[in-house]
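These notes concern the structure reproduced below.
Number of protein chains: 2
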Amino acid sequence: MIVNNSLDEIKKRENSFKIIRNIVENKGRDSLFDLTGLSGDFIASDNDLNLLETYVGPAIFEEQLQKEGINHMGGEKILPLNRTSSGILATILSLVNEGETVVHYLAKLPAHPSIPRSCEIVGGNYEEYDVFEKFYIPDNTSLVVITGSTMDHQVIDEDEFKEIINMAHEKNIPVLVDDASGARLRTVIFNQQKACDLGADIVITSTDKLMPGPRGGLMAGKEKYLDQIKVKANQFGLEAQPPSILAMVNGLKNFKQDNLLKSYERKHEFLELLKNNFDMFELTPTGVMVEAKKLALSVNDNDLSDNDVAFIFSMILLKDAGIITIPAVSMPGASPTIRFDLSTNDAFKLDLIDLNQIIIDAFEKLNNVVLDVDKSCEIVFN
Amino acid sequence: MIVNNSLDEIKKRENSFKIIRNIVENKGRDSLFDLTGLSGDFIASDNDLNLLETYVGPAIFEEQLQKEGINHMGGEKILPLNRTSSGILATILSLVNEGETVVHYLAKLPAHPSIPRSCEIVGGNYEEYDVFEKFYIPDNTSLVVITGSTMDHQVIDEDEFKEIINMAHEKNIPVLVDDASGARLRTVIFNQQKACDLGADIVITSTDKLMPGPRGGLMAGKEKYLDQIKVKANQFGLEAQPPSILAMVNGLKNFKQDNLLKSYERKHEFLELLKNNFDMFELTPTGVMVEAKKLALSVNDNDLSDNDVAFIFSMILLKDAGIITIPAVSMPGASPTIRFDLSTNDAFKLDLIDLNQIIIDAFEKLNNVVLDVDKSCEIVFN
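Chains as they are written, first to last, in the working numbering: chain B, 1 to 382; chain G, 1001 to 1382.
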């Protein structure tokens, strides 16, 4: 095992940043290909930028965000957060007391760690289900959480979605939807309704996931809950700052469904190419992925964990070819699945035959590196 | 009482944002005068802006921030946070367990609410002192907090500062310094040393306070603590995002001591003018202020709280003259003191004789409004 805890994950992330910096400085931004699907963007006019002051900025941009946000998400009111994780923390701080329960339903475990961690902070109980038939709401529940689309882009069934909202509302329990990428995946690719329109009380999406906004969380929902959550967010510094709010407005204005729809077609072509050499890859809604476990089973026997093998593969792809995938740059506890998202701007600059060759070469290198723990450590941390 | 809780404070802030928006849209930015001393700024070149993507931005700007941040703050390492409050939360989440104690020393109570609130979240005990002779560190203490400069700009004595750090270190307890505005006030105006140089383990400053940076928290200190705090910050979404990090770098590069030093001279002239009509004002390091209590004692008898009177005065100044002071726009629990900071860019655009007349007119209006509760509510909330 080489990546053992959150601190190791941070060190790994810092090393990736160093590599990214070197590539930008020595070869230029064009030699990097961000296939995370979290590429985000920061779109701003000179006039926008002139207004970015502490109290003037939010006055202007929060108002614009109300309009664009409701257009994208539905609901009565919008609240911009620093990150989706900080929005989940603010919600649980507002609605869950010590000893109360949060029940979470998602298409496939594991859950995003911010939900159980936030429950732990308030001393609440946390239960999670990925089998609809087993889903159950205990009596002392104060919040039901539904994940629209998991970290690996597994999307919830819309009928189950509606049924769980009904079950919660019969008990007068509010529903929070973590629709990080789901707010776009579910609606554009799977033709599902907006979570607010399905009856959810509080919905949060990540403005950098599958849309050209900044890293940040956009919350929509019922005013009475959002007002409460805003108080906690402001008390603890969890809200989005003016530059992010401005970029959220412009990200929403510039979101186009086309890239998502095009990637949906292109992924099949890419999987066929990969199948000539590998059987470990599978489709996601907007690309292909390989789970850490399947990747680890495909390489030589070694002393590393499945996650370690995924981190090494992700770092080789970054170092050798400038391909950014999530495990190289993720926050602690994120999924180690290596996902090649074909909906990003950078993905459209890559020929799929070239990308296939990059993956073949990186895998060959990985297959040697895993035999040598020192070498593996060096690749992840230095 | 018209402003009774955090939710009322949020509504008051939303109303102020509406007024600011109207002034910017109808009269232009030049008709607003931000005298909060929290004006901040967002300085960025086109080249900077092109790099503002989720994983590319932090790779570039976090590295630059290490250099500029250590130059400004000292210490071994820098960690950028979404706000000073979120940095305090991350620190207490990292270092304080349930049942342990946090002891806080500051020049004058009340403390910034983020410190006791963060203690409450982890189930820790919180004790605070503003009399040095009474300061005491109980046995189960896991963190000592020192405030460099209070919300009303009361600055700690440097000998007491050193002594408290020594007392904590004798017991092997780390010291967090909340140097929100103090990192500049203490060093530039009072010739004190940087908190890290005085031996503090963790120091945080607000990059929008008395410097041209964005709203955000810049943490400096010992690597072993900052690495731990970074883990918590990333887990809960408390870290600064790339646009803010970029603006922190440029804010630090553009920080000049001159405005602070000039305001230090100008404030005496201003207080003399105010004394012709009022005896409620007093000096701050970079301007003048009136406490809510003294303001309330100066107006006609009424049914409002001291804080209400301060909020109304601040709203009148904003509506009638475009003068932004903290009580109009502050987050819940901030100080209700009305402070006119003469070190802001906007302050240098105002003639002090004109500003004196604005205050005379606003006070006359306030003196009538306080007699009418409905009218008072309307001014604060609509």
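For each residue, glycine too, the CB sits at the ideal point set by N, CA and C.
Cut-off 6 Å between Cβ atoms - residues of its own chain near residue i, not counting five sequence neighbours on either side
i              : result
residue 51/B   : 57, 60
residue 1223/G : 1076, 1077
residue 1168/G : 1144, 1175
residue 1105/G : 1129, 1135, 1146, 1164
residue 1125/G : 1101
residue 252/B  : 68, 72
residue 1141/G : 1101, 1103, 1173
residue 1079/G : 1219, 1226, 1230
residue 1066/G : 1078
Rounded C-alpha distance that separates residue i from residue j
i              : j              : result
residue 119/B  : residue 1099/G : 19 Å
residue 316/B  : residue 1310/G : 60 Å
residue 1131/G : residue 1107/G : 8 Å
residue 209/B  : residue 340/B  : 13 Å
residue 332/B  : residue 1247/G : 25 Å
residue 28/B   : residue 1376/G : 58 Å
residue 1358/G : residue 1193/G : 38 Å
residue 1428/G : residue 257/B  : Nothing can be reported for residue 1428/G: it is not among the residues displayed for chain G, which extend from 1001 to 1382.
residue 1321/G : residue 1287/G : 18 Å
residue 115/B  : residue 91/B   : 10 Å
residue 233/B  : residue 203/B  : 15 Å
residue 1037/G : residue 1343/G : 7 Å
residue 293/B  : residue 1003/G : 56 Å
residue 300/B  : residue 1187/G : 59 Å
residue 1349/G : residue 1017/G : 22 Å
residue 1263/G : residue 318/B  : 50 Å
residue 361/B  : residue 1236/G : 36 Å
residue 1025/G : residue 1015/G : 15 Å
residue 259/B  : residue 70/B   : 22 Å
residue 1191/G : residue 1346/G : 25 Å
residue 1001/G : residue 1008/G : 11 Å
residue 1113/G : residue 1006/G : 12 Å
residue 366/B  : residue 304/B  : 12 Å
residue 31/B   : residue 363/B  : 20 Å
Beta strand (DSSP E) segment containing residue i, residue limits
i              : result
residue 1080/G : 1077-1081
residue 73/B   : Here residue 73/B belongs to no beta strand (DSSP E); instead the alpha helix (DSSP H) covers 56-73.
residue 1149/G : No beta strand (DSSP E) contains residue 1149/G, which DSSP labels as neither H nor E.
residue 1178/G : 1175-1178
residue 25/B   : Not the beta strand (DSSP E): residue 25/B falls in the alpha helix (DSSP H), residues 6-26.
residue 1125/G : 1125-1129
Sequence-distant residues of the same chain with beta carbon closer than 7 Å to residue i, five excluded per side
i              : result
residue 1314/G : 1325, 1327, 1328, 1338
residue 1296/G : 1306, 1309
residue 1302/G : 1370, 1371
residue 1042/G : 1214, 1247
residue 161/B  : 146, 198
Closer than 8 Å: residue i CB and nearest the ligand NAD heavy atom
i              : result
residue 1295/G : Ligands displayed in this structure: none; no statement on the ligand NAD is therefore possible.
Residues sharing a beta bridge with residue i, DSSP
i              : result
residue 1167/G : Answer is none; residue 1167/G lacks a bridge partner.
residue 1295/G : Answer by DSSP bridge pairing: none, since residue 1295/G is not bridged.
residue 1220/G : 1078/G, 1203/G
residue 1340/G : 1288/G
residue 1136/G : Looking at the DSSP assignment, residue 1136/G forms no beta bridge with any residue, so it has no partner.
residue 1283/G : 1288/G
residue 141/B  : 101/B
residue 239/B  : 81/B
residue 1155/G : 1149/G
residue 34/B   : 324/B
First and last residue of the uninterrupted alpha helix (DSSP H) at residue i
i              : result
residue 225/B  : 223-236
residue 1095/G : 1084-1095
residue 266/B  : 258-275
residue 949/G  : There is simply no residue 949/G to check, as chain G begins at 1001 and stops at 1382 in what is shown.
residue 1327/G : 1326-1329
residue 357/B  : 352-369
residue 3/B    : No alpha helix (DSSP H) contains residue 3/B, which DSSP labels as neither H nor E.
residue 373/B  : 373-381
residue 52/B   : Note, residue 52/B: premise wrong, no alpha helix (DSSP H); not H, not E.
residue 119/B  : 114-122
Nonlocal neighbours in the same chain, by C-beta distance under 8 Å from residue i, ignoring five residues either side
i              : result
residue 1284/G : 1152, 1153, 1267, 1339, 1341
residue 281/B  : 271, 274, 275, 288, 289, 290
residue 1137/G : 1103, 1144, 1167, 1168, 1171, 1173
| query | Quick one: any contact between the stretch 1085-1102 of chain G and the stretch 1211-1229 of chain G, if contact means 3 or more CB pairs under 8 Å? | reply | yes
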